[in-house]
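Take the sequence shown: its position 271, counted from the start at 1, is 511 in my numbering, and no numbers get skipped. As structure tokens, the structure follows; a few thoughts come after it.
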Amino acid sequence: NLDDYRRATYKDMVILLRSSNKLSPIFIEEFKRVGIPLLSEGGGGYFDTLEVKTVISALEIIDNPIQDIPLIAVLRSPIGGFATEELADIRISNKNVSFYHAMVGLLDYEKKDYEDENLSDTWEEIYNNTGLKIKIKTFLDKINNWRLESKYTPINQLIWEIITDTGYYGYVGALPGGEQRQANLKILFKRAKDFERTSYRGLYNFINFINNIKTSSEDMGSAKIIGENEDVVRIMSIHKSKGLEFPIVFLCGLGKRFNEGDLKGKILFHHELGFGPTYIDLDNRVSYNTSQREFISKKIQGENKSEEMRLLYVALTRAKEKLILVGSGKALDKKIEKWSGAGIDENGSIKSTYVKNQKNYMDWIGASLINHKAGEPLRHYNENILKEDFKEDHSRFKVGIYSREIFEEIEDAALEEVPVKEKINKLLDNADENISKDYYKVIKKRLEFTYKYEEATKLPTVITVTELKELHNNLQETNRENNLYIEGDGLDEDNYKTITYGDEVEGPRKFRPLMQTPLFLQEKKGLTPSEVGTAYHNIMQRLDLSGDLSKDDLTRQINTMVEKELITFEAAKSVKVDKILKFLQSNIGKKVIEAFKENSLKRELPFRVEISASTIYPNVSKETYLEEKMLLRGVIDCYFEEGEEGIILDYKTDYVKADNIEEIKERYKVQLDYYSKAIKDAFKKEKVRKYLYLFSLDKEVEVE
241 NLDDYRRATY KDMVILLRSS NKLSPIFIEE FKRVGIPLLS EGGGGYFDTL
291 EVKTVISALE IIDNPIQDIP LIAVLRSPIG GFATEELADI RISNKNVSFY
341 HAMVGLLDYE KKDYEDENLS DTWEEIYNNT GLKIKIKTFL DKINNWRLES
391 KYTPINQLIW EIITDTGYYG YVGALPGGEQ RQANLKILFK RAKDFERTSY
441 RGLYNFINFI NNIKTSSEDM GSAKIIGENE DVVRIMSIHK SKGLEFPIVF
491 LCGLGKRFNE GDLKGKILFH HELGFGPTYI DLDNRVSYNT SQREFISKKI
541 QGENKSEEMR LLYVALTRAK EKLILVGSGK ALDKKIEKWS GAGIDENGSI
591 KSTYVKNQKN YMDWIGASLI NHKAGEPLRH YNENILKEDF KEDHSRFKVG
641 IYSREIFEEI EDAALEEVPV KEKINKLLDN ADENISKDYY KVIKKRLEFT
691 YKYEEATKLP TVITVTELKE LHNNLQETNR ENNLYIEGDG LDEDNYKTIT
741 YGDEVEGPRK FRPLMQTPLF LQEKKGLTPS EVGTAYHNIM QRLDLSGDLS
791 KDDLTRQINT MVEKELITFE AAKSVKVDKI LKFLQSNIGK KVIEAFKENS
841 LKRELPFRVE ISASTIYPNV SKETYLEEKM LLRGVIDCYF EEGEEGIILD
891 YKTDYVKADN IEEIKERYKV QLDYYSKAIK DAFKKEKVRK YLYLFSLDKE
941 VEVE
């Protein structure tokens, strides 16, 4: 039943290899090229990646520039930026010296003897290439600077300077698999940083350290940028797949020969049979296998084949839904002929003599498939093979044969691939000739499709009360004479500026000069208005209202907050204790103190409330977005209850003139209305009264 299935994802697939060390890097590079996420389980290949090899080559020539291979590798890379033709010119100029000396020689031409026999006939022509000389000088200056820095700069810092100053880090990030490549460079940086903590410091020692890792078969795997549970294809060895199952399994590398390295030594060892040496006839200068060695060799071969069969069984049983076997080899017609001659014993199995003599998995599997009903493509490939009697087997296989020519054609087609958009446009232009009108309409409809809820994609899912207030009050007038104010540096009128604008302005708005003196040139005049407001809020939140609340008591409490690092000294200094004292002596202040003593005062009360998007953004289509909701969040400065009523109090440190109170109330009305809605929903209050306390006027204001 197809309804029980779903589309396969990357994480449903795994690639199994007999040994992942050599084949794994090939898969990784190809998957990077086509953009398929791949997670490699272990394996090496780190030092074979382009980006790591290039940076290590750069380190090698910084240590010793008279090394042609790493020097040319760096010159050809974006670090050097030399074209192939330019490198050829440098080499042609003088073939009898190192590449580095050939570069230096082009710059020192004036000192050379025109008759120098080492110089090529084209020396003068190459020398006159000013652009090439400039590139050589720039590169050599860069190398010389790095060589100088390497004497006192940690290796990790030198690596970071190389890849950032040259733009190489950004370059590899723009390549296919860029995130992986950048992660590899970060790993090299980290390895260098760890190396600097050892006693073997210095560039020369670090290069030796890297070379030792490369030659000791301990190559690291590439940096992992993908998590274990992400939607990625996995590649691992058969050994590591034991006990695991996957919906889709690709078993690859079946044509690779079994490893017989343990049979090539002059002396063979076996845990039961001892050792079998090779006999060396010194007089005749020849060597022979002893009978003991032959016996041990056969024994080891048999045990190795048994182990390979066990591993093949493990690999074949990892798939839950689909198993794809992939192998390659030469002279397929001869292979098929060999498979057909494997022979079947009385039990219907392939003869053991054939099995023991094969060198790879494909020869085992091929001999089985050619005797299977599904093996017709193999039998058809070689006309000399006729099979009619097949062993009864209910397994289902689909056999495909793909020649090298097919893959070359696919590669050529990919290179000539026309962009999809260009293809579609061409089809539309020739619709009457190539496709039906109905098909034309379908494509045209899809290309012209407009998402109905496009506006919703531009709406925030969460909005704060402060953002909401700014949205509603962006064009709020501050006085009837079309005067605007900008915030100053405190609660004093002298710190505020008033400007008048003419009739051409569409509407009143906050004015801020476009060109301001840079901060580092400005004299520090204290905290900004926003920072002063934060200071007042922090103190009002933490005040202990159970004391005598005298000026001395308030001063002592504020000093204690500074000592406990709850507020900074500058913040405490910006707060005027007299202002707080007047608040506490006001009508609303006395109610706050009473609520505190009754343990019912809530300060800095966070809230969240769901609101309709159309109420905030009136320009959106109300019919389309009738059900579109947003989450509004904020913090209420102070809340308490008086009888059945809820009381909201919001502190404001803005400078306000006495005749501007109505404008202030209007400016903060939207904010307080949402506070009220949140309180009504949370505390089930029928009525909520809203107050502003204006510290600049020492006055409470009720907002209806």
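All residues carry an ideal CB built from backbone N, CA and C; glycine is no exception.
| Check | Outcome |
| --- | --- |
| Which value, in whole angstroms, describes the spacing of the CA atoms of TYR253 and ILE399? | It is Met, not Tyr, that sits at residue 253 in the sequence shown. Looking at the two C-alpha atoms, the distance is approximately 37 Å. |
| Sorry if obvious, but does the Cβ on ASN587 come closer than 6 Å to a heavy atom of the ligand SAM? | As for the ligand SAM, it is missing from this structure, which has no ligand bound. |
| Specify whether the segment 247-263 and the segment 481-492 touch according to this definition: at least 3 beta carbon pairs, one from each stretch, less than 8 Å apart. | yes |
| May I ask you to list the residues that DSSP assigns as paired with CYS946? | In the structure as shown, the chain begins at 241 and stops at 944. Residue 946 is therefore absent and cannot be evaluated. |
| Roughly how many angstroms separate the alpha carbons of ASP894 and LYS819, rounded to a whole number? | 13 Å |
| State the CB to CB distance for the pair ILE330 and MET343, rounded to an integer number of angstroms; the pair is presumed to be in contact (CB under 8 Å). | 6 Å |
| Can you say whether SER390 is buried or exposed, counting buried as having 16 or more other CB atoms within 10 angstroms of its CB? | buried |
| Per the contact definition of three or more C-beta pairs closer than 8 Å, is the segment 873-886 in contact with the segment 843-856? | yes |
| Beta carbon of LEU279, beta carbon of VAL472: below 7 Å? | yes |
| Could you please give the first and the last residue of the uninterrupted beta strand (DSSP E) stretch that includes SER527? | 526-529 |
| With a cut-off of 8 Å, do at least 3 Cβ pairs link the segment 285-292 to the segment 371-387? | no |
| Under a three-way DSSP split, which group does ASP523 fall into? | coil |
| Helix, strand or coil, according to DSSP, for ALA559 in the structure here? | strand |
| Rounded to a whole number of angstroms, what is the C-alpha to C-alpha distance between LEU311 and ARG387? | 14 Å |
| So what's ILE319 in DSSP terms, helix, strand or just coil? | coil |
| Within this structure, are the beta carbons of ILE403 and GLU300 separated by less than 7 Å? | no |
| Are LYS925 and GLY883 closer than 7 Å when you measure CB to CB? | no |
| Within the same chain, show all residues whose beta-carbon is closer than 7 Å to that of ILE508, passing over the 5 residues directly before and after it, in chain order. | Reading off the sequence shown, one finds Leu at residue 508, where the question assumed Ile. Cβ within range, chain order: PHE515, GLY516, ARG533, ILE536, SER537, ILE540. |
| Give me the Cα-Cα distance between ILE726 and ASN827, rounded to the nearest whole angstrom. | Since pLDDT at ILE726 reaches only 33, below the 50 mark, its modelled position is unreliable, and the value read off the structure follows with that caveat. Cα to Cα, the separation comes out at about 30 Å. |
| Nearest to LEU937 by alpha carbon, out of LYS897, GLU903, ARG929, PHE923? | LYS897 |
| Specify the secondary structure class of VAL941 as computed by DSSP and reduced to three states. | strand |
| Along the chain, where does the beta strand (DSSP E) that runs through TYR885 open and close? | One point to set straight first is that residue 885 is Glu, not Tyr, in the sequence displayed. GLU885 -> beta strand (DSSP E) spans 885-892. |
| Exposed or buried, ILE374, counting other C-beta atoms within 10 Å across all chains shown (16 or more means buried)? | exposed |
| At a cut of 8 Å, does the segment 599-618 reach the segment 566-585 through at least three beta carbon pairs? | yes |
| In chain order, what residues of the same chain have a beta carbon less than 7 Å from the beta carbon of LEU209, not counting five sequence neighbours either side? | Past the boundaries of the shown model lies residue 209; the chain is included only from 241 to 944, so the question cannot be answered. |
| Does the beta-carbon distance from TYR601 to LEU552 come in below 7 Å? | yes |
| Are the Cβ atoms of ILE888 and LYS930 separated by less than 7 Å? | yes |
| Below 8 Å CB to CB, which residues in the same chain sit around VAL943 once its five sequence neighbours on both sides are set aside? | LYS905, TYR908, LYS909, LEU912, LYS930, TYR931, LEU932 |
| How is LYS905 classed by DSSP in three states: helix, strand or coil? | helix |
| Secondary structure at LYS869, three-state DSSP: helix, strand or coil? | strand |
| I'd like to know whether the C-beta atoms of GLU810 and LEU767 end up nearer to each other than 7 Å. | yes |
| With distances taken between CB atoms, is the gap from LYS599 to ARG497 smaller than 7 Å? | yes |
| Might you give, ordered along the chain, the residues of its own chain that have their beta carbon closer than 7 Å to the beta carbon of LEU327, omitting 5 neighbours on each side? | ILE312, LEU315, ARG316 |
| Does the beta-carbon of SER297 have 16 or more other beta-carbons within 10 angstroms, so that it is buried, or is it exposed? | buried |
| According to the neighbour-count rule (16 or more other Cβ atoms, all chains shown, within 10 Å of its Cβ), is PHE322 buried or exposed? | buried |
| Using 8 Å for Cβ pairs, my map puts ILE833 next to LEU794. What's the rounded Cβ distance? | Wrong, their Cβ atoms sit about 13 Å apart, outside the cutoff. |
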